[in-house]
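Novice:
There are 2 protein chains.
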Amino acid sequence: MPKPFVADEHPARPARSAAPADIFSRVSAGRISEVIVEQIRDLIRQGRLVPGSRLPAERELCDRFGVSRVTVREALRVLEASGLVDIRIGVRGGPVVTAPSTDRVGEGITDLVTMSVFSAVDVTEARRVLELGVIPLACERADAADLAALTEVCDRTQEALEQGTYRADLSSEFHCLLADATHNKAISMLARSLREPMAMSLDEARTAAPIMGAKGLQEHRDLIEAIRAGEADAARSIMVDHLDRTASRIAGDPTE
Amino acid sequence: MPKPFVADEHPARPARSAAPADIFSRVSAGRISEVIVEQIRDLIRQGRLVPGSRLPAERELCDRFGVSRVTVREALRVLEASGLVDIRIGVRGGPVVTAPSTDRVGEGITDLVTMSVFSAVDVTEARRVLELGVIPLACERADAADLAALTEVCDRTQEALEQGTYRADLSSEFHCLLADATHNKAISMLARSLREPMAMSLDEARTAAPIMGAKGLQEHRDLIEAIRAGEADAARSIMVDHLDRTASRIAGDPTE
DNA sequence: AGGGGCTAACGGCCTAACCATTCTAGCGCG
DNA sequence: CGCGCTAGAATGGTTAGGCCGTTAGCCCCT
Numbered sequence: 077m078p079k080p081f082v083a084d085e086h087p088a089r090p091a092r093s094a095a096p097a098d099i100f101s102r103v104s105a106g107r108i109s110e111v112i113v114e115q116i117r118d119l120i121r122q123g124r125l126v127p128g129s130r131l132p133a134e135r136e137l138c139d140r141f142g143v144s145r146v147t148v149r150e151a152l153r154v155l156e157a158s159g160l161v162d163i164r165i166g167v168r169g170g171p172v173v174t175a176p177s178t179d180r181v182g183e184g185i186t187d188l189v190t191m192s193v194f195s196a197v198d199v200t201e202a203r204r205v206l207e208l209g210v211i212p213l214a215c216e217r218a219d220a221a222d223l224a225a226l227t228e229v230c231d232r233t234q235e236a237l238e239q240g241t242y243r244a245d246l247s248s249e250f251h252c253l254l255a256d257a258t259h260n261k262a263i264s265m266l267a268r269s270l271r272e273p274m275a276m277s278l279d280e281a282r283t284a285a286p287i288m289g290a291k292g293l294q295e296h297r298d299l300i301e302a303i304r305a306g307e308a309d310a311a312r313s314i315m316v317d318h319l320d321r322t323a324s325r326i327a328g329d330p331t332e
Numbered sequence: 077m078p079k080p081f082v083a084d085e086h087p088a089r090p091a092r093s094a095a096p097a098d099i100f101s102r103v104s105a106g107r108i109s110e111v112i113v114e115q116i117r118d119l120i121r122q123g124r125l126v127p128g129s130r131l132p133a134e135r136e137l138c139d140r141f142g143v144s145r146v147t148v149r150e151a152l153r154v155l156e157a158s159g160l161v162d163i164r165i166g167v168r169g170g171p172v173v174t175a176p177s178t179d180r181v182g183e184g185i186t187d188l189v190t191m192s193v194f195s196a197v198d199v200t201e202a203r204r205v206l207e208l209g210v211i212p213l214a215c216e217r218a219d220a221a222d223l224a225a226l227t228e229v230c231d232r233t234q235e236a237l238e239q240g241t242y243r244a245d246l247s248s249e250f251h252c253l254l255a256d257a258t259h260n261k262a263i264s265m266l267a268r269s270l271r272e273p274m275a276m277s278l279d280e281a282r283t284a285a286p287i288m289g290a291k292g293l294q295e296h297r298d299l300i301e302a303i304r305a306g307e308a309d310a311a312r313s314i315m316v317d318h319l320d321r322t323a324s325r326i327a328g329d330p331t332e
């Protein structure tokens, strides 16, 4: 528990003056560019700047904020890296407010994985949680377009298997499309966030065991049929088998 | 489907020379600072720079890359905004590689929500998927420390309710701690990612209905006991009730 | 032994200028 | 009248050099 700032446990050394130390507030200027970032970000969050809004040009922002162009540019870089603005060059160019994409968030999560903040085993388990939760929603909401897209990926997978050109991308794409079938963009985003780390660890595991055989493909096709029929329980059990095999491969146990 | 680059549908205007256009690679330099960002980011992803590594000072990076200091600074800003480096000032300061935090990812997701890339309803449903998947894992793995932390939050919540100082933070903190009880950092990350958007929408909904009454708190406490006993099914049904009430409140139906 | 001041290293910010890209307005020509 | 081309203006991208505030470490003096 932090002690109150004014309390001094050392009575032998009294405060130099009668004024309490509290009257001095912490004075840290911080970074000017950060202040600008906050200001624009708040404007966007408050809805006073909507996607498509054009911000003033760099040189005008300098005048408005009373800072140099370098400072404004640094602020714009940060906003651009956050996916909040898009910067175009040429006349009639300049910073434009844009809606951030889910890919950018996924990239951030990928960084978390690669920096070994957590392991491939953790990711696999998280994916299991997500995908099993997806199943009932997908059974309920999948439409013809979703099923067609899933089938198309299976066809491409079969072709790739026959030609020996299979890559883990195809498997992760199937699972992303499955998440899309929930018609919930937040869930799609989470699934896509885990896509790249998954594919990465699958590729690593491939050296130890074949990444997907006819069995895995058949499970994908069975899953489509179960979803088409709306049989959530059947779909779930198929998915459990499928994921368990994947998990054991990730864990370094090439049972298949 | 994108057309091959060499194909020209306009036979009336043949290529100026016999050399195929393919031999000329795209020359647009793009942004120099972006090249530097990529280079450092790759170094980090390859593990050649680990968290804690100190990068050279700005002025030395200028010499190494052969660019001006402003360019280096912009690159460092982007890396900093991505949470990959931390910049300290003063002697022995400079850029230090750091492990990105889950909070940053959550902030990105918050932006996605506020820019209405997806809705609060979507987030709520995603959270439901996640939390129901968390339950069995938490029942299996929660240790005494997890249960103590959960109980402590309930106590704080009770106190806040009695004093009228309750905020949605407390509820979202409970659910984050629940995710922590799985001892899976990827799942914790996903839960924390959804924390801020959830709290935001809960605060919005608070104007229409009390955010959490004694009933919600009691459900939290019941949940702890069910987890302590390892009764996953009981815990699951409690959580379903709890989330359904929350979902209806988000959807604008103040039944409670 | 300890405190205060000095110094070098480093990031934060500024100014002034030039380059590269892109759009547009205007002009000339058919 | 209309079409195409060109020059210029607007805008971001980059550079060089410099000044200032902050910090850690060192040394000297008490």
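Protein chains in written order, with our numbering: chain A, 77 to 332; chain B, 77 to 332. From the three backbone atoms N, C-alpha and C, an ideal C-beta is built for every residue, glycine too.
Give the range of the alpha helix (DSSP H) segment to which Val316(B) is assigned.
Specialist: Unbroken alpha helix (DSSP H) run through Val316(B): Ala308 to Ile326.
Novice: Which residues, in chain order, does the stretch 176 to 206 of chain A contribute to contact with chain B at a C-beta distance below 7 Å?
Specialist: For the stretch 176 to 206 of chain A, which is checked against every Cβ of chain B, the residues closer than 7 Å are Pro176, Thr178, Arg180, Val181, Gly184, Ile185, Asp187, Leu188, Thr190, Met191, Val193, Phe194, Asp198, Val199, Glu201, Ala202, Val205 and Leu206.
Novice: Compute the Euclidean distance between the alpha carbons of Arg132(B) and Phe194(B), then round it to the nearest angstrom.
Specialist: Here the sequence assigns Pro to residue 132(B), which means Arg is not the residue at that position. Cα-Cα distance, rounded: 41 Å.
Novice: Please say whether Ser109(B) and Val173(B) have beta carbons closer to each other than 8 Å?
Specialist: Going by C-beta atoms, Val173(B) is not nearer than 8 Å to Ser109(B).
Novice: With a floor of 4 residues, list each alpha helix (DSSP H) that falls wholly inside the stretch 188 to 218 of chain A, ordered by position along the chain.
Specialist: Listed in chain order, the complete alpha helix (DSSP H) runs (minimum 4 residues) inside the stretch 188 to 218 of chain A are 196 to 217.
Novice: Note down the Cα distance separating Glu249(A) from His318(A), rounded to an integer number of angstroms.
Specialist: Approximately 15 Å, taken between the alpha carbons.
Novice: Going by DSSP in three states, Val154(A) sits in which element: helix, strand or coil?
Specialist: In the structure shown, Val154(A) sits in a helix (DSSP, three-state: H, G or I).
Novice: Is the beta carbon of Ala308(A) less than 8 Å from the beta carbon of Ile211(A)?
Specialist: Contact flag set, yes.
Novice: Just how far apart, CA to CA, sit Asp320(B) and Val205(B)?
Specialist: When rounded, the distance between both Cα atoms is 12 Å.
Novice: Taking three-plus beta-carbon pairs below 8 Å as touching, is the stretch 293 to 301 of chain B in contact with the stretch 167 to 182 of chain B?
Specialist: As far as the Cβ criterion goes, the stretch 293 to 301 of chain B does not touch the stretch 167 to 182 of chain B, which means the pair count is below three.
Novice: Return no unless some Cβ of chain B is closer than 8 Å to the Cβ of Arg121(A).
Specialist: It does: the Cβ of Arg121(A) has a partner Cβ on chain B nearer than 8 Å.
Novice: Using the Cα positions of Glu216(B) and Glu207(A), report the straight-line distance between them to the nearest angstrom.
Specialist: Near 20 Å, if we compare the C-alpha coordinates of Glu207(A) and Glu216(B).
Novice: Specify the secondary structure class of Val103(A) as computed by DSSP and reduced to three states.
Specialist: Coil at Val103(A), not helix or strand.
Novice: Give the interface partners of Lys268(B) over in chain A, defined as CB-CB distance under 7 Å, in chain order.
Specialist: Going by the sequence as given, residue 268(B) is Arg instead of Lys. The contacting residues do not exist; Arg268(B) stays about 11 Å from chain A at best.
Novice: Taking the alpha-carbon positions, what's the Leu253(B) to Asp222(B) distance?
Specialist: Distance between the alpha carbons of Leu253(B) and Asp222(B) is about 7 Å.
Novice: Mapping DSSP to helix, strand and coil, what is Ile165(B)?
Specialist: Of the three classes helix, strand and coil, the one that applies to Ile165(B) here is coil, per DSSP.
Novice: Using a Cβ-Cβ cut-off of 7 Å (strictly less than) and excluding sequence neighbours within five positions of Leu246(B), which residues of its own chain qualify?
Specialist: Cβ neighbours of Leu246(B) beyond the five flanking positions: Val229, Arg232, Thr233 and Ala236.
Novice: May I have the straight-line CA-CA distance separating Met191(B) from Gln239(A), to the nearest angstrom?
Specialist: Each residue's alpha carbon lies about 44 Å from the other.
Novice: Expressed to the nearest angstrom, what Euclidean distance is found between the alpha-carbon atoms of Ala327(A) and Gln115(B)?
Specialist: If you take the alpha carbons of Ala327(A) and Gln115(B), they lie about 31 Å apart.
Novice: Taking 8 Å as the threshold (beta carbon to beta carbon), is Lys261(B) in contact with chain A?
Specialist: Output row for Lys261(B): interface = yes.
Novice: On the three-state DSSP scale, how would you describe Gly128(A)?
Specialist: Residue state, collapsed to three classes: coil.
Novice: Three-state secondary structure (DSSP) at Pro273(B)?
Specialist: In this structure, Pro273(B) counts as helix in the three-state DSSP scheme.
Novice: Where do the N-terminal and C-terminal ends of the beta strand (DSSP E) with Gly170(A) fall, by residue?
Specialist: Residues Gly170 to Val173.
Novice: So for Ala97(B), helix, strand or coil by DSSP?
Specialist: Confidence at Ala97(B) is low in this model, with a pLDDT of 43, below 50, so its placement is unreliable and the value that follows should be read with caution. The answer is helix: DSSP assigns Ala97(B) an H, G or I state.
Novice: By a C-beta neighbour count over all protein chains shown, 10 Å radius and 16 as the cutoff for buried, is Asp198(A) buried or exposed?
Specialist: Flag for Asp198(A) reads buried.
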